[in-house]
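Okay, so the sequence shown: first residue is 1 according to full-length UniProt numbering, each after it adds one. Even for Gly, the Cβ is constructed at its ideal location relative to N, Cα and C. Reading through the structure tokens given below for one structure.
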Amino acid sequence: MDAPRGEIGAPGGLGPFPPLDGVRHRFLELPGLRVHMAEAGTGEPLVLLHGFPQHWWGWRKVLPALAEHYRVLAPDLRGAGWTDAPQHGYTEDQLVADLVGLLDALGLHQVHLAGLDIGGILGYRLCLTHPSRVRRFVCMAAPHPWPRPSLRVLAEVWRLWPSFATAAPLLGPLVVSRGHQWIPRRMMVGDTDDIGVWSAEDLELFLGRLREPSRARAAAALYRSFALGANRRAAAGAYRGMRLVTPTLQLYGTVLYAGDRDAAGHPGLLHGYEPYADDVTLEHVPGAGYYLAEEQPEVVVRHLLGFLAATDSR
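This is the structure:
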């Protein structure tokens, strides 16, 4: 059902949506899941998938400009934002099924797709398993599914300790929800080139959701079952039997994974897709760390509009 733009009440005591000009809010009923989606514009559909610890508001700086050219759909993933946070269902297969179910509920056979962080990982999986559903894909700040781990990468696995802590069954919900929420706060502020991209109100919109017990548990389950699990499967070669036929643009800043500020120094994570993909373009976004759409929104919009408008043979 549609709702008027601006600060409107959300069900379940979740508080109002932050206002953004031109944005409408909808809830769609999927099997076992009520999904919230922000929507703006008309034209060809473009779906935006957020990262962790964010929700649709992570696209606020690019959504209005993209909506001048596309029908932009920014859902909250399972467990995030204003979407339901059930106890189960945070596996790769279920998250892909959620996305396919959302497209079906909207009557959309094929869409353009962009994702950041876990949204980028999920986007790759959708392209591999349901290639007919995605016309063009833009991945931001997330590795492709065919990494070539180097000794340097293996030596720096310790930098992922915040992710491992978040994934811990008992510890995870506590560290993301209690006190100063240092770990999710660090995941955002520590991996940006400009901490001024977020106001105190923005940070509260993201971190406040994690103080809800069900969403804190969902965050731990998401990292345990999907984020870390997908990367482990990729490193083990689970996707080498699959081919990426979707034209893809990979955008990256200085941060490709938590705590490391030398993305270009990891060619095994940026490259290595060549034997498995038909059409991938790599582009660096100067002046951005990890949250590209918030740190360099004008550059990201320019890249997306140019790439999505390009003609292809599909």
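Residue pairing from DSSP places Pro-75 in a beta bridge opposite Met-37. Looking from the CA of Val-23, the closest CA among Ala-141, Gly-32, Leu-66 belongs to Leu-66. Taking a C-beta distance under 8 Å as the contact criterion, Arg-217 and Arg-209 do not qualify as a contact pair. Distance from the CA of Ser-163 to the CA of Ala-105, rounded to the nearest whole angstrom, comes to 33 Å. For Gln-250, the enclosing beta strand (DSSP E) begins and ends at 248-252. Gln-250 counts as buried, since no fewer than 16 other beta carbons sit within 10 angstroms of its beta carbon. Secondary structure in the segment 76-128: the beta strand (DSSP E) runs of 3 residues or longer, each lying completely within the stretch, are 111-116 in chain order.
By the CB criterion at 8 Å, Leu-292 and Val-285 fall inside the cutoff. Looking only at Ala-80, Ala-74, Ile-195, His-109, the smallest Cα-Cα distance to Glu-294 is reached by Ile-195. Here Asp-191 is near Tyr-290, since their CB atoms are less than 8 Å apart.
When the five nearest sequence neighbours on each side are left out, the beta carbons in the same chain lying within less than 6 Å of the beta carbon of Arg-135 are those of Gln-110, His-112, in order along the chain.
As the crow flies, the alpha-carbon of Leu-20 is around 42 Å from that of Pro-275. One thing to note: Tyr-90 has its Cβ within 8 Å of the Cβ of Leu-222. By DSSP's assignment, Leu-30 forms a beta bridge with Leu-33.
As the crow flies, the alpha-carbon of Gly-107 is around 31 Å from that of Arg-240. C-alpha of Ala-234 to C-alpha of His-50: approximately 21 Å in a straight line. In this structure, the beta-carbon distance from Ala-97 to Leu-46 does not fall below 8 Å.
Between Thr-248 and Val-280, the CB-CB gap stays under 8 Å. Annotation for Arg-224: Ala-167 place their beta carbon closer than 6 Å to its own, counting only its chain and skipping 5 residues before and after.
The residue from Arg-71, Cys-139, Leu-33 with its alpha-carbon nearest to that of His-88 is Leu-33. Note that the C-beta distance between Leu-116 and Leu-244 is not below 8 Å.
Between Val-138 and Leu-304, the gap from beta carbon to beta carbon is short of 8 Å. The C-alpha of Leu-205 is placed about 9 Å away from the C-alpha of Gly-81.
With respect to the C-alpha of Ala-309, the residue from Gly-43, Leu-228, Leu-30, His-36 having the closest C-alpha is Gly-43.
When C-alpha distances from Trp-146 are compared across Gly-237, Ala-38, Met-37, Phe-52, the shortest belongs to Gly-237. Assignment of Val-255 by DSSP, reduced to helix, strand and coil, places it in the coil class. CA-to-CA, the gap between Leu-160 and His-55 works out to about 22 Å. Classified as buried, Ser-177 has 16 or more neighbouring CB atoms from the shown chains inside 10 Å of its CB.
Here Val-62 is not near Gly-41, since their CB atoms are 8 Å or more apart.
Under the DSSP assignment, Glu-298 falls in the alpha helix (DSSP H) whose first and last residues are 297-309. Leaving aside the five residues that flank Leu-48 on each side, the residues in its chain whose CB is nearer than 6 Å to its CB run, in chain order, Trp-59, Ala-74, Ala-114.
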